[in-house]
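Report on the structure given below.
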Amino acid sequence: MRFPKDWQEVLLRASSGEKHIADVRTEHGLVLEFQHSHIRPDERRAREAFYPNLAWIVDATRRKRDRPRFEEGRRSLRLTAWQGIYTTPFPDGCFAQDWLDSRAPVFFDFSGTEPSGPRAPADREVLWGLLPGRAAGNAVVIAMPRRQLVQAAHRRPQILASRRIVETIDALFRAQARLDARRVAVRSSWRFRGSGPRRRRARF
Numbered sequence: 001m002r003f004p005k006d007w008q009e010v011l012l013r014a015s016s017g018e019k020h021i022a023d024v025r026t027e028h029g030l031v032l033e034f035q036h037s038h039i040r041p042d043e044r045r046a047r048e049a050f051y052p053n054l055a056w057i058v059d060a061t062r063r064k065r066d067r068p069r070f071e072e073g074r075r076s077l078r079l080t081a082w083q084g085i086y087t088t089p090f091p092d093g094c095f096a097q098d099w100l101d102s103r104a105p106v107f108f109d110f111s112g113t114e115p116s117g118p119r120a121p122a123d124r125e126v127l128w129g130l131l132p133g134r135a136a137g138n139a140v141v142i143a144m145p146r147r148q149l150v151q152a153a154h155r156r157p158q159i160l161a162s163r164r165i166v167e168t169i170d171a172l173f174r175a176q177a178r179l180d181a182r183r184v185a186v187r188s189s190w191r192f193r194g195s196g197p198r199r200r201r202a203r204f
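So, in structure tokens, the structure goes:
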């Protein structure tokens, strides 16, 4: 991923005077942090607290288990009404535990630091994003082409409206649950009405 030099390694200071260096900070205020090594949970949370508009790009080839886990776990992904957006009740079956409770979008790059280009396999050109929050207990996962992510970073203050996406899917899940509950109640009511004692035929 290529960005202008003046967007790279940007020094920022907290009110306490503590220094923070953003891997990439765009002119829109979006911060991209590229993670190629292990990061402690407390350090990850500290960065998420400091940068109000952050997205992680994680090298998902660092550990041998990462890609096989995803290839197996992606079977649990359920389609939504929107192309490239999925839900799963089992995010731990797709992604490393370290990132499941992130407060920022996390994009997993399964091609790692290897160069990619026009001849790269299609799946190498797609990053898989885990959005913060849950939709009725389900994680929301997005498949985003690498080029689209870079273009979004250049043009917008957010890669995507992750909060609105999760809230919209959550509302749909809950609406469907209410509809299903009403259907069950109606079926139960008719079953109850039809299960009363049968009248015996009079024999005279």
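Everything in the sequence shown is counted per the UniProt record's numbering, starting at 1 for the first residue and increasing by one.
Just so you know, even glycine gets a beta-carbon here, dropped at the ideal spot from N, CA and C.
These numbers come from a predicted model, not from an experiment.
Whole-angstrom C-beta distance between residue j and residue i, which should lie under 8 Å
i: residue 90; j: residue 60; result: Actually they do not touch by this definition, with Cβ atoms about 17 Å apart.
i: residue 139; j: residue 87; result: 7 Å
i: residue 130; j: residue 99; result: 6 Å
Proximity of residue i and residue j at Cβ, strictly below 8 Å
i: residue 171; j: residue 132; result: no
i: residue 1; j: residue 150; result: yes
i: residue 136; j: residue 173; result: yes
i: residue 102; j: residue 56; result: yes
i: residue 95; j: residue 70; result: yes
i: residue 169; j: residue 80; result: yes
Start-to-end residues for the alpha helix (DSSP H) that takes in residue i
i: residue 70; result: 66-73
i: residue 41; result: 41-50
Where the beta strand (DSSP E) through residue i begins and ends
i: residue 8; result: 8-13
i: residue 103; result: Looking at the DSSP string, residue 103 is not in any beta strand (DSSP E), and its letter there is neither H nor E.
i: residue 160; result: First-last for residue 160: undefined, no H or E at that position.
i: residue 1; result: Premise fails: residue 1 is in no beta strand (DSSP E) and is neither H nor E.
i: residue 25; result: 19-25
i: residue 83; result: Per DSSP, residue 83 belongs to no beta strand (DSSP E) and is neither H nor E.
i: residue 34; result: 31-35
i: residue 130; result: 126-130
i: residue 139; result: 139-145
i: residue 59; result: 54-59
Proximity winner among the options, relative to residue i (alpha-carbon distances)
i: residue 62; options: 47, 50 and 34; result: 34
i: residue 75; options: 178, 93 and 5; result: 93
i: residue 67; options: 124, 165 and 44; result: 124
i: residue 97; options: 184, 44 and 168; result: 44
i: residue 47; options: 64, 12 and 65; result: 12
i: residue 38; options: 4, 127, 58 and 177; result: 58
i: residue 126; options: 134, 106 and 147; result: 147
i: residue 128; options: 182, 52 and 73; result: 73
i: residue 3; options: 31, 65 and 40; result: 31
i: residue 134; options: 166, 36, 106 and 162; result: 166
Original post:
How do the region 141-154 and the region 21-38 stand: do at least 3 beta-carbon pairs fall below 8 Å, yes or no?
Top reply: yes
Original post:
Are at least three pairs of beta-carbons, each pair with one atom in the region 79-86 and one in the region 136-150, less than 8 Å apart?
Top reply: yes
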